[in-house]
Structure formats: C-alpha cells, structure tokens
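*Asks:* For the protein sequence lines, the chains are A and B, in the order given.
Here full-length UniProt numbering is used: the first residue of the first sequence is 1, the next is one more, and so on.
Here full-length UniProt numbering is used: the first residue of the second sequence is 1, the next is one more, and so on.
2 protein chains.
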Amino acid sequence: MEFKINNDYFNKAISDVSKAVSTKTTVPLLSGIKIIAQPDRITVVGSNGDIAIERTLPLIGEGNKMIEVYSPGRVVVSAKYISDIIKKLPYDIYIKVSDNQSVTIKSGDITTKLNGIDGSDFPELPKFDVHHSITMSSEDLIGIIKDTVFATSKNETRPVLTGVNFTFEEDVLTCVATNSHRLALRKYRMKSPLRGSFIVPSSSLIELSKLFGGHKANLEIYTSENNIMFKSNNLSFYSRLIDGTYPNVAGLIPEDTSTILTLDTRELLKGIDRASLFASEWKNNNIVFQITDESKIRISSNSSEMGQIEEIQHVKTISGAKDLTISLDGNFMMDALKAIRDEEVKLCFNGTMRPILILPVGNDTQLQLISPVRS
Amino acid sequence: MEFKINNDYFNKAISDVSKAVSTKTTVPLLSGIKIIAQPDRITVVGSNGDIAIERTLPLIGEGNKMIEVYSPGRVVVSAKYISDIIKKLPYDIYIKVSDNQSVTIKSGDITTKLNGIDGSDFPELPKFDVHHSITMSSEDLIGIIKDTVFATSKNETRPVLTGVNFTFEEDVLTCVATNSHRLALRKYRMKSPLRGSFIVPSSSLIELSKLFGGHKANLEIYTSENNIMFKSNNLSFYSRLIDGTYPNVAGLIPEDTSTILTLDTRELLKGIDRASLFASEWKNNNIVFQITDESKIRISSNSSEMGQIEEIQHVKTISGAKDLTISLDGNFMMDALKAIRDEEVKLCFNGTMRPILILPVGNDTQLQLISPVRS
C-alpha cells in the first residue's frame, strides 16, 4: 500500500472515525483504525465492537486533487498514535506499508514509522439489505435523539431500557426512552418503506449526534436483525442493536387528568433550576410543587441543615382540581423541560401518586411522563 | 444586617471571592464567604487558609446606585450555596440576617433562607506595613507568573521548591522557579522601595493569575513576614508565604558553553511536540536531540513496541562543537519554549551531561535551564 494525501483532508477523516475507537479497550484490534487504499479512494474505519464509523475519501475533494494512490492495500494502525501525529503534520502526507506491516508516514522532513497491527481479525462491517431504507436529515435525527436519549436508563439490569426504541410504521416513526421513573416519547411523521421496532443503545446515539453534528447531511437508515446503519454520502455510522422486547408504553400514558396547568416553558425551567438548590441533598433531588391558589404555583426545596428556597410563579391557565402538593425529581423535570422548544408547556396531574404528563402546547409530536417521588 | 444590592454586581463579587474557597475542606468556616455590610460599602471575603480574596463594593458602581444599606452587620454563609443561588437570581437582591444567623435572600418572588455559619473564628486577614509597596500592572505580573510558575516542583518533599522565589532589589525584581531538573528565571526592571526575598506558593500564583486575568488593574504589592498581598482598587488577593531559604541558583547557571544554536522558537516547539509522539512511554518523556551536520538538527523519539518518529530542522546559526547527541525531557522543553514569546531562541549546550541553557534572542530578562535525561 502506498499513497499521498492532503494532510487536512486525511486528518478530518481520521478524527471522525477515531470517535468509534475505544480508548479503554484491552483488545488491540479495537484500538486500531483500518486504512484501505483502492485505486479510486481511501477508506478509513474505526470500530469498538458496539459502533463503527466508516469514512470514504474520493480522490477529488473540494474541487482539488487530494489523493494519489500508487499501490492499493490495507493496514490497521493504532488510533491513538495515528490521530496524534496526523493532526500535527504540516504538509502533504506520504504513506507506505512494507511487507512486515511497518507503516512509514512522511510529511516534509518529518518521518514516522508506526508498527501496524495484524488486521485479519479486524471486525467486519455488518451487511444490510439495501432495498429498504429511510431518508432523514441529520438535523431531524439529532433532534429526535436529543428529545429522548436523556430519559434512557443508566442501569444495566434491564438492558432494553438503556436504549431508545425506534418503531417504524407506515406514516410515522415513534421513538421512546424510559428508565421506568420517567419517559420521553417523540413522533416523527414520515413515509417509511421500513417496518419494525429497533432498540438502539443510548451511547451509540450520543456518538452519532456528535459525528453528524459536524456534518449536516441527508442520511439513509438501514437495519438488519442485529444492526443499524446511518449513511451519508461519504460517512457511515454503524451500531449494534439491543436484543430483547421493549415494554409496551402505550398503557402508561394516562387518559384522564384531574388538573391541567399551562406555564411558560423557560420560566418554569429556570424556576425549577433555582428551586433545586437544596434538592441534591436528597436521593431523588426532591422538589415540592404546589398549587397555592387560582393563579399561582410554589416550587421549593429544603435541607434541615443548610436552609430552604421557594419561589412563586404565575400560571397561564389552570383547570380541574386546585388542591395539589406533589414531590418531584428536580433533575428529571429540568431534563424534560430542556427537551421542549415550544414557548408554553402543559402539565397534567392525576393526584399526588400518579405520573405527571408533560406536553408542549401546540405540538403533538412530543410527550413526557415523570413519576412523583414518594416522600 | 440588611441591604439591597444589584444582582449582577453582587454575583461578580461572590464569584471572585469564591475562587479562594476550598471545595474540599472539612472545616466549615473555610467553606464560607464572609459578607460585611457597612454604611458606605459591602465587603465580601473568601479564604481557604492559604489564600484569601477580598472584594469591596462601593454603593455606586458604573455610575449607578447599586446598593442600599439599611443596617450594618456581618455574616458567614456557605460559599457553595450562596454562589449557586446568587447567579440564578433575576432581579435586585434583598438580604437580611436575623439574630439567629438565618439569612433571608429575596429577589422578586424567590425567597431563600440560608443558615449562617458562626463567623467568630473566620480567618482574620493578615496585616501589612502600608508604607512600603510596589506598583505593577496585573498584565506584567501575570506575564512573570506565566514565565516561571510551570517550573516549580509538584513534589512536597522540598516545600520551598513548590513556590516561585520573588527577590526585590533596588532596580530589579527577579523571579525563579525550579524543581531541581529544570529552572526558569525572569527579571523585571523596576524601582523597588521594597527589599527582600519571598517564596509564594505556585497554587496561589495560579489563582492570582485567574483572578486578575479578568480584572486588568494596577496592583500594589505589600509583604510581611508570613504573607503577601496584591491589591487593586476594590480587589485584594492575600497569600501565605512559604517558610524557608530558597536555594542560591546563581551558581547553577553555566558561564561557558561548548555549542550554541539559534532556532525559530515556534518551529522548534512544534517539532518537539511532534517528536514527543513516543516519548510518553518513557519515565522522563525522553526525546533525542542531535546535531546532524553544519546546519541541521534531528529530533526523535521511539518505542520498541509502537514505532519511531524523527524530524529534521534547519538551524539559523550554529557555533562551537558540532558533535552532540543529548536526551531531554520533551515536556520540559515544550514548557520552556511556550514561555518564550520572542521569535528566535538560543540553545546553549555544554556536553551531554550538563544542563542546557535556553535564552530568547534579543531579550535578556528571561533564562531557562533543563538538565539532560540520563539514558
């Protein structure tokens, strides 16, 4: 393998695929990046077993000749060392791999020799049926992820809850995340040639958001029994799926509510942030939410040792029972409100023991549930 | 104690003095901020026993009436809680302390009660002889700190080496830091009414740089037997001094050198950064520095397992012996070069076993020494 490549062009690609490489693994192959030279392109791949990122570099980039391939081939090198050196090289980079997998990297008067890793066991990228795919903009996908991923469980005892459940139906994609104390649901209207339900690990979705946050693109989404792929023109993101059956959440969503309030979303978020001052002393970040009269609520937290805080906010509308005091997890409430971009939010209560339903006003694609704290 | 104050004005002051409050201390008093209300000003003080920061707030700030003092007094409150809440309050803040040291903080419809801490043992600020002081701009002082503090020792076995030694003579201030493997010396020409030698802890100097980095000012410097104070108009920074005798470093600075090179400072820094790729595998971040011919040097590092790197740089001038191969700590070299703002740097060698002397070209106020690594 032998080629010459523009240093910035190569650096961006190495930096993209490095995101998939685990820095903590003890398996040397999973700490490597695979570089493949073909006559018409260079491809780089990073993988940690859970996710993989593949970046294809055509010979021409941004209208300029970026690559000259003298001889095709492939090699796996340490992601850490190749990333560290490539980003510091000031000129075009010349790379040659010798028969013993020693990789020579030259740029101007700088010469690096990196010992290659035997790549024969480097993870193969999953295969997909390319006839069924969905198209979505990276911005929409990242929006859906932001609206749900925070509600996944951090606890591995129920693996399915550590992922976001994507359900594709004819006209709609529904994404749900829950840790069994809170739930976030987001609908996205689309014509979908794909059907079925897939649980994508939250860690994969977070990496996916970072990757495509820097590359706005139209994505094609492909699925197989065990994997999912998000593909733009020259960049593909692969993730394993979580095996198992996702709980049916439809039954959790209350149909009746005894009290409905509407409030200013940002003001409520700021108020809960302030009122949480003493909440962190409690296991569940307890704050107390109370309706004080026809037009006001009181949000408070207290610590017997340090002090107490309370604030009064005016509600925009109120309907139903006006006698309510409920303990909530302040952090869950803040996460929920941060995911709402609409100006007004509706809080639907059903007594002090039942979950509260949180809905943006004027937007029926988003729904959240938070269970009260038993205090 | 009872007063009203503009929220932003108060928040900046609390944020400044919080820098002196230890978050790790188990002594409640050292986790507190003292607030003093007097008819003509509010004063806030944070202290962790090693450093203290005092901020005075006049009633008028930026041309506006910022404070109304209804009744003078003093209180100590938790730095963590007061900082957290003050920065989130949207309107003017009203503060009242009751007889039982309960502090009520109101802003609009937000009411906080913080339990005060008994302040009778809050550390007293040190006293100074106000007749002898030095004046220096905060930018110059921060420059001197940046040029030296990195070279202090991180190891507490010789406490004096964990500080920077400030020596005031009639016409010059000399600052020295060394960890016994490297040394940084900086001279600053000034008329000094103060005489003597003081060792200031590196941790204090780093906090001082952060504090005055955000407040450009003319500083007055006062010293006493055990303390030093840096004072601007409304902001004072106090630090304890390190007790002990600083080593006489004059004898360490070589008078003869066998080889002198001049190089481009930034290029050399970048080259050493790259050439350090495999240095971190070694205890002393070993890089090898070699003169290869009349006009070139070679910088390299290697790891038997991972690979090797080398780069050739052209020197600007060379004089003396041209046969030299020396092992150096790459991190020490980078720290040294980062502290040099001049375009060219002179490296003076005296064989492979003696420290190298690093001097900016055209600037005789700065000098650094680095001992070679015995490889």
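Don't be surprised by glycine CBs; every beta carbon is placed ideally from N, CA and C.
Mind listing, in chain order, the continuous beta strand (DSSP E) runs of no fewer than 3 residues lying wholly within the region 181-255 of chain B?
*Replies:* 182-189, 196-201, 218-223, 227-231 and 235-240
*Asks:* Which residues in chain A sit within 9 Å of B:K88, going by Cβ to Cβ distance?
*Replies:* K270, D273, R274 and L277
*Asks:* What are the partner residues of A:G163, as DSSP defines its beta bridges?
*Replies:* A:P201
*Asks:* Between A:Y81 and chain B, is there a C-beta pair that is closer than 9 Å?
*Replies:* A:Y81 counts as touching chain B.
*Asks:* Using 8 Å as the Cβ pair cut-off and three pairs as the minimum, do the region 175-182 of chain B and the region 222-229 of chain B touch?
*Replies:* no
*Asks:* With DSSP collapsed to three states, give me the class of A:V21.
*Replies:* coil
*Asks:* Please compile the residues from chain A whose C-beta is within a distance smaller than 8 Å of the C-beta of B:E305.
*Replies:* N115
*Asks:* Do B:T292 and B:I312 have their CB atoms nearer than 9 Å?
*Replies:* yes
*Asks:* Run through DSSP, which three-state label would A:E281 get?
*Replies:* helix
*Asks:* Comparing C-alpha positions only, which one of A:S83, A:G116, A:E305 and A:N286 sits nearest to A:D99?
*Replies:* A:G116
*Asks:* The alpha helix (DSSP H) with B:F332 in it runs from where to where?
*Replies:* G330 to K338
*Asks:* Whole angstroms is fine: what's the gap from A:S236's alpha carbon to A:E124's?
*Replies:* 14 Å
*Asks:* Please list, in chain order, all residues of the same chain as B:I85 whose beta carbon is under 6 Å from its beta carbon, the five residues on each side excluded.
*Replies:* T112
*Asks:* Using a beta-carbon distance cut-off of less than 9 Å, what residues from the region 308-329 of chain A approach chain B?
*Replies:* Residues of the region 308-329 of chain A with a Cβ closer than 9 Å to any Cβ of chain B, in chain order: Q308, I309, E310, E311, I312, Q313 and H314.
*Asks:* If you check the beta carbons only, do B:V103 and B:V77 fall under 9 Å apart?
*Replies:* yes
*Asks:* Determine, using beta carbons only, whether B:M66 and B:P72 come nearer to each other than 9 Å.
*Replies:* no
*Asks:* Given a threshold of 16 other Cβ atoms within 10 Å of its Cβ, counted over all protein chains shown, does B:S137 qualify as buried or as exposed?
*Replies:* Result: exposed.
*Asks:* With a threshold of 16 other CB atoms inside 10 Å of the CB of A:A23, please say whether the residue is buried or exposed.
*Replies:* Before going on, a small fix: residue 23 of chain A reads as Thr here, not Ala. So A:T23 counts as exposed.
*Asks:* Spatial neighbours of A:N331 within its chain, please: CB distance less than 6 Å, with the 5 preceding and 5 following residues excluded, ordered by chain position.
*Replies:* Taking A:N331 as the centre and dropping the five residues before and after it, the same chain places the C-beta of N285 closer than 6 Å to its C-beta, in chain order.
*Asks:* Name the DSSP bridge partner or partners of A:K106?
*Replies:* A:Y94 and A:T111
*Asks:* Within a Cβ cutoff of 7 Å, which residues of the same chain sit near residue 385 of chain B, ignoring the five residues on either side of it in sequence?
*Replies:* In the structure displayed, chain B extends from 1 to 375; residue 385 of chain B sits before or after that span and is not available.
*Asks:* From what residue to what residue does the alpha helix (DSSP H) around A:L269 run?
*Replies:* T265 to A275
*Asks:* Do B:H131 and B:T223 have their CB atoms nearer than 9 Å?
*Replies:* no
*Asks:* Please report the residue range of the beta strand (DSSP E) in which B:L59 lies.
*Replies:* Careful: B:L59 lies outside any beta strand (DSSP E) and carries neither H nor E.
*Asks:* Looking only at C-alpha atoms, which of A:K106, A:I253, A:T365 and A:I145 sits nearest to A:P355?
*Replies:* A:I253
*Asks:* Any chance the region 315-335 of chain A sits against the region 5-24 of chain B, with 3 or more Cβ pairs inside 8 Å?
*Replies:* no
*Asks:* For B:V345 versus B:I358, is the C-beta distance shorter than 9 Å?
*Replies:* yes
*Asks:* For A:A279, tell me which candidate among A:S295, A:L261 and A:I299 has the shortest Cα-Cα distance.
*Replies:* Answer by Cα proximity: A:I299.
*Asks:* If I measure Cβ to Cβ from A:G244 and keep anything under 8 Å in the same chain, skipping five residues before and after, which residues do I get?
*Replies:* Excluding sequence neighbours, A:G244 sits near P159, V160 and I199.
*Asks:* Report yes if the CB atom of A:G119 is closer than 9 Å to the CB atom of A:R186, and no otherwise.
*Replies:* no
*Asks:* Tell me, please, whether the CB atom of B:T111 is closer than 9 Å to any CB atom in chain A?
*Replies:* yes
*Asks:* Check B:V130 in the structure and name its three-state DSSP category.
*Replies:* coil
*Asks:* Below 8 Å on C-beta distance, what does residue 376 of chain B contact in chain A?
*Replies:* Because chain B spans 1 through 375 in this model, residue 376 of chain B falls outside it and cannot be assessed.
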